[in-house]
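Residue numbers (the UniProt record's numbering): 1 to 155.
Positions of the beta carbon are idealized from the N, C-alpha and C atoms, including for glycine.
Down below is the structure, laid out as structure tokens.
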Amino acid sequence: MDIKNINKLSDPYIWKDAVGLMTKSLGEASGNQKIYVNIDYVPPGAYSTRYHSHSQQEEFFLILSGTGTLKLNGEEKEVSKGDFIGKPAGKNIAHTFYNSGNDTLEILDVGTNEPEDTCYYPEEDMYMHKSNGEKQIFRGADLSNTWYPDPNPEK
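Written out as structure tokens, the structure reads:
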């Protein structure tokens, strides 16, 4: 086991998007398998993720610096340095952070790595299901409630 330094991380443990959102994957860099530990850097005017919930994954967030808005199950709550929240597994609690401040919003993001998990994105009515290392994405409207596994359905 090696001691790592957050300031010396490089690809593939740093992810960036076009607007400056950045995630440092500390857990992955240290070899963790059952949990992930990330630092998310959210620039002013940006979101940390799309608004979503998990079916199996448990998560914990700690605001390290900056200010922002947490959207949690449709309610918006102001957050700042020192605030933290836990999301228990299996509760389908939808969430995202928005940086409504002037400085980078830094979030410690810790959670379980689940072999199977379904993310639901309620604003888009989209699902992303992860199983056996593969992801499937589908629209909620495409889900059928009329199919049954009965081999001899009534006619």
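Under the three-state DSSP convention, the category Lys-130 falls into: Taking the sequence shown and counting its residues from 1, one reaches residue 130 at position 130. Three-state result, Lys-130: strand.
Three or more beta-carbon pairs under 8 Å between the region 111-118 and the region 130-145, yes or no? yes
Take the Cβ of Asn-5 as the centre, count every other Cβ of all protein chains shown within 10 Å, and call the residue buried at 16 or more, exposed below. Numbered from its first residue, the sequence shown carries residue 5 at position 5. Classification of Asn-5: exposed, given that the 10 Å Cβ count is below 16.
Assign Phe-84 to buried or exposed, taking buried as 16 or more other Cβ atoms, counted over all protein chains shown, within 10 Å of its Cβ. Locating residue 84 in the sequence shown gives position 84, counting from the first residue. With fewer than 16 Cβ atoms within 10 Å of its Cβ, Phe-84 is classed as exposed.
Verify whether the separation of the beta carbon atoms of Ser-25 and Phe-97 is less than 8 Å. If you number the sequence shown from 1, residue 25 lands on position 25. If you number the sequence shown from 1, residue 97 lands on position 97. No Cβ-Cβ contact shorter than 8 Å links Ser-25 with Phe-97.
Please name the residue in Leu-143, Pro-122 and Phe-138 whose C-alpha comes closest to that of Tyr-51. The residue labelled residue 51 in the question sits at position 51 within the sequence shown. Selected option, being the one with the closest Cα: Pro-122.
Locate the alpha helix (DSSP H) running through Ser-65, then write down its first and last residues. Within the sequence shown, the letter at position 65 stands for residue 65. Following the DSSP letters along the chain, one finds Ser-65 in no alpha helix (DSSP H) but inside the beta strand (DSSP E) bounded by residues 59-65.
Touching or not, the region 12-22 and the region 65-79, by the rule of three or more beta carbon pairs under 8 Å? no
If I follow the unbroken alpha helix (DSSP H) through Glu-28, where does it start and stop? Counting from one through the sequence shown, the residue named residue 28 turns up at place 28. Per DSSP, Glu-28 belongs to the alpha helix (DSSP H) from 26-30.
What first and last residue would you give for the beta strand (DSSP E) that runs through Glu-124? In the sequence shown, residue 124 corresponds to position 124, counting from 1. Here Glu-124 belongs to no beta strand (DSSP E), and DSSP marks it neither H nor E.
Whole-angstrom distance between Pro-151 and Ser-100, CA atom to CA atom: As a first step, residue 100 must be located in the sequence shown, where it is residue number 100. As a first step, residue 151 must be located in the sequence shown, where it is residue number 151. If you take the alpha carbons of Ser-100 and Pro-151, they lie about 54 Å apart.
Please tell me whether Val-79 and Ile-63 are closer than 8 Å, where the distance is taken between their beta carbons. Start at 1 with the first residue of the sequence shown, and residue 79 comes out as number 79. Start at 1 with the first residue of the sequence shown, and residue 63 comes out as number 63. Yes. Within cutoff.
Ile-39 versus Asn-7 - alpha carbon distance: For the purposes of this step, residue 39 is identified with residue 39 of the sequence shown, where counting begins at 1. For the purposes of this step, residue 7 is identified with residue 7 of the sequence shown, where counting begins at 1. Cα to Cα, the separation comes out at about 12 Å.
Quick check on this structure: which residue in Asp-2, Asp-142 and Ile-107 has the alpha carbon closest to the alpha carbon of Asn-32? Here residue 32 refers to the residue found at position 32 when the sequence shown is read from its first residue. Closest by C-alpha distance to Asn-32, out of Asp-2, Asp-142 and Ile-107, is Asp-2.
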